[in-house]
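Heads up: the structure comes next, in structure tokens.
In the numbering used here, the protein residues as written are 5 to 288.
Quick look at the structure:
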């Protein structure tokens, strides 16, 4: 039966409380203080999508562990060669990035459709590329040093025959670095090389690769970039290429982005222009 105000035990308890000041338990004080700290702390925001495309330079910032990011798009290019019909290429491309661990990312790239028109005509699927990124230095947000530094190893599986592909596998490795710069700029650099399988003459040709991309947020959801690309010849009869690439990435949501970019050859042999546009999605 519940105790009432008339019960002697209740009177005795109440009288005791009036004779001494009530002190809250230490545990209760600690809990209240902890809740006040949490209320004053802004909530942690989930990482925004940061696609590599339409840049060629690859980032040392990896997708979060357990997340999957699909970067897909369309690309159109045109290249003139002396004495030959201009070569026009239209392709659909997709890159899947999987966060295996905090510092490990698995990459799978494929061109499911390639349409080639020029001195040779062909339509089919392109090659498949497998890659693995390992980040051995993790930087901090809004701090210039240390940068994010990673290494990527990759291999191209020769799914496509000539003229779409070489019909031979390629192998390579890249050193990736991402730097925070003043004025909210970010610099990403790739340096490395590849062994390219040769369709004509057989064997492999060593290729040097160096790229750099400077980017900045132009608006809360809009990023712009300027990129320089260099690679040595990819065929024994070819030449080195220096190209420039500019573009925009617009984040529709924290997990969805669209992009567009235009690349042009500055020196050497390469496409007169390459137009890219696409869509990237991040699943956590």
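All C-beta atoms in this analysis are idealised placements derived from N, C-alpha and C, irrespective of residue type, glycine included.
Source: prediction; values computed, not measured.
Which residue or residues does DSSP assign as beta-bridge partners of residue i?
i	result
residue 78	96, 281
residue 102	72, 110
residue 127	119
residue 89	Bridge partners of residue 89: none, in fact.
residue 153	141, 181
residue 83	91
residue 288	Bridge partners of residue 288: none, in fact.
residue 133	113, 160
residue 268	248, 277
residue 176	158, 198
residue 257	260
Would residue i be called buried (16 or more neighbouring beta carbons within 10 Å of its own) or exposed?
i	result
residue 166	exposed
residue 233	buried
residue 87	exposed
residue 55	buried
residue 189	exposed
residue 276	exposed
residue 50	Here residue 50 scores only 49 on pLDDT, less than 50, and its place in the model is too uncertain to base an answer on.
residue 141	exposed
residue 215	buried
residue 270	exposed
residue 52	exposed
residue 116	exposed
residue 58	buried
residue 42	Because residue 42 carries a pLDDT of 38, less than 50, the predicted location of this residue cannot be relied on, and the following value inherits that uncertainty. Exposed is the call here.
residue 247	buried
residue 212	exposed
residue 207	exposed
residue 210	exposed
Report the rounded CA-to-CA distance for residue i versus residue j, giving the unit in angstroms.
i	j	result
residue 200	residue 157	14 Å
residue 237	residue 198	11 Å
residue 280	residue 114	15 Å
residue 220	residue 179	22 Å
residue 132	residue 177	16 Å
residue 253	residue 60	13 Å
residue 259	residue 143	22 Å
residue 202	residue 257	43 Å
residue 163	residue 187	44 Å
residue 185	residue 106	24 Å
residue 183	residue 89	42 Å
residue 93	residue 278	9 Å
residue 288	residue 160	28 Å
residue 194	residue 128	30 Å
residue 153	residue 244	27 Å
residue 191	residue 65	12 Å
residue 240	residue 196	19 Å
residue 63	residue 181	7 Å
residue 272	residue 242	9 Å
residue 75	residue 172	25 Å
residue 100	residue 138	16 Å
residue 262	residue 81	20 Å
residue 226	residue 286	17 Å
residue 231	residue 110	24 Å
residue 266	residue 168	22 Å
residue 283	residue 205	39 Å
residue 223	residue 251	14 Å
residue 268	residue 249	7 Å
residue 108	residue 274	33 Å
residue 91	residue 130	16 Å
residue 228	residue 217	10 Å
Entirely within the stretch 185-236 and at least 4 residues each: give me those alpha helix (DSSP H) ranges in chain order.
-> none
Are the stretch 82-97 and the stretch 60-71 touching by the rule of at least three beta carbon pairs closer than 8 Å?
-> no
Could you say if the stretch 146-153 and the stretch 107-126 meet the contact criterion of at least three C-beta pairs nearer than 8 Å?
-> no
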